[in-house]
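> Would you mind keeping the following structure in view while I ask a few things?
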Amino acid sequence: MTNKLAVFDFDSTLMDGETLEFFARTTGIEQKVKEITDRAMGGELDFFESLTYRVSLLKGLSVDMVNKICAQLPVMNGAKEVVAGLKDRGYKVVCFSGGFRNATKLFAQKLGLDSEFANILHSKDGVLTGEVGGEMMFNDSKGEMLIRLQKLLDVTPENTLAVGDGANDLSMFKYSNKRVAFCAKPVLKEHANIIINEKDLSKILDVL
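With the first letter of the sequence shown counted as 1, position 145 gets the number 150 in our numbering; the numbers rise by one all the way through.
Below is the structure:
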């Protein structure tokens, strides 16, 4: 039996929106964070620098508020259907996120993902310190993690599906023969062989 792997981005892919922008709404800096996010996803800014700067703006936000917001994040249209459909076709389905485990671990449970990899928001005494750590902090992090998973699960690039929307998803496209740009920035569409412009992840099942 051939092993198959599907890797999804989280923000604006499995989840309808950007986690950091939902956090920023509570502190009145949403527009500032949105501008930085848009530039980073468009490939104009280094992902690590943009991530650490945006998280620094959240210093003092309570962990309780963070978890409350994460519990209410909207699932992307078609996400449940595409995960179930891919698993029916023999895929292991995982999430790679430059965002945060507070959100991805909840979605893994909701959607039935096999695993999720994301960053960790540091906190002290119940509030965010403005610092972040983890394995998904750099431009090439997703690609490096994909290589590790492919070796672990004995999956070839020919049997790998990668789905994303922004510049930090380019690295996982390098190691996948099925490259889906989902409502994506132009920089990602240039490297995709499947482009979906409708906000419905189940469309992926139609084109595989």
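Beta carbons: idealized from backbone N, C-alpha and C, even for Gly.
1. Have a look at the DSSP bridge pairing and note the partners of E35.
2. From the DSSP output, read off the bridge partner residues of I74.
3. Assign T7 to buried or exposed, taking buried as 16 or more other Cβ atoms, counted over all protein chains shown, within 10 Å of its Cβ.
4. When DSSP labels each residue in this structure, what does N164 get in the three-state scheme?
5. Suppose contacts are defined by Cβ-Cβ distances below 8 Å. Is L166 in contact with K194 by that definition?
6. Can you name, in chain order, every residue of its own chain whose Cβ lies under 6 Å from the Cβ of V71, other than the five neighbours on each side?
7. Which residue spans inside the region 48-119 form an unbroken alpha helix (DSSP H) run of at least 4?
8. Please state the DSSP three-state secondary structure of G171.
9. With a CB to CB cut of under 7 Å and the five nearest residues on each side skipped, what residues in its chain are close to E23?
10. When you compare the region 137-156 with the region 170-179, are there three or more beta-carbon pairs, one atom per stretch, that lie closer than 8 Å?
11. Would you mind reading off the limits of the alpha helix (DSSP H) that contains E26?
12. Give the straight-line distance between the Cα atoms of L116 and F13, rounded to the nearest whole angstrom.
13. With distances taken Cα to Cα, identify the nearest neighbour of L1 among K92, G138, L25.
14. At the level of alpha carbons, what is the spacing between D211 and A29?
15. Report yes if the C-beta distance between A123 and F105 is below 8 Å; otherwise report no.
16. Determine the burial state of G214: buried for a count of at least 16 other Cβ atoms within 10 Å of its Cβ, exposed for fewer.
17. Grouping DSSP H, G and I as helix and E and B as strand, with all else coil, what is S146?
18. Is the region 83-95 in contact with the region 29-40, if contact means three or more CB pairs nearer than 8 Å?
19. If you draw a straight line from the alpha carbon of I74 to that of E54, how long is it in whole angstroms?
20. Would you tell me roughly how many angstroms separate the C-alpha atoms of A84 and D205, rounded to the nearest one?
21. Under the three-state reduction of DSSP, which class applies to D235: helix, strand or coil?
22. State the beta-bridge partners of V185 as determined by DSSP.
To lay it out plainly:
1. Looking at the DSSP output, E35 sits in no beta bridge, so it has no partner there.
2. Per DSSP, none; premise fails for I74.
3. Per the 10 Å Cβ criterion, exposed.
4. DSSP places N164 in the helix class (H, G or I) of the three-state scheme.
5. For L166 and K194, no; Cβs fall outside 8 Å.
6. Contacts found: N107.
7. Correct list: 52-61, 68-76, 84-93, 106-116.
8. Of the three classes helix, strand and coil, the one that applies to G171 here is coil, per DSSP.
9. Taking E23 as the centre and dropping the five residues before and after it, the same chain places the C-beta of D16, S17, T42 closer than 7 Å to its C-beta, in chain order.
10. At 8 Å Cβ cutoff, the stretches touch.
11. First-last of the alpha helix (DSSP H) with E26: 24-30.
12. So the alpha carbons of these two residues sit roughly 12 Å apart.
13. As displayed, the chain neither begins before 6 nor continues past 213, which places residue 1 out of reach and without an answer.
14. D211 and A29 have their C-alpha atoms some 36 Å from each other.
15. It is a contact, given that the beta carbons lie within the stated cut-off.
16. With the chain running from 6 to 213 in the structure shown, residue 214 is simply not present.
17. Collapsing the DSSP output to three states places S146 in a helix.
18. Judged by Cβ distances under 8 Å, the region 83-95 makes no contact with the region 29-40, as fewer than three pairs qualify.
19. Cα to Cα, the separation comes out at about 24 Å.
20. Spanning the two alpha carbons is a distance of roughly 8 Å.
21. With the chain covering 6 to 213 only, the question about residue 235 has no answer from this structure.
22. V185 is bridged to V168, I199.
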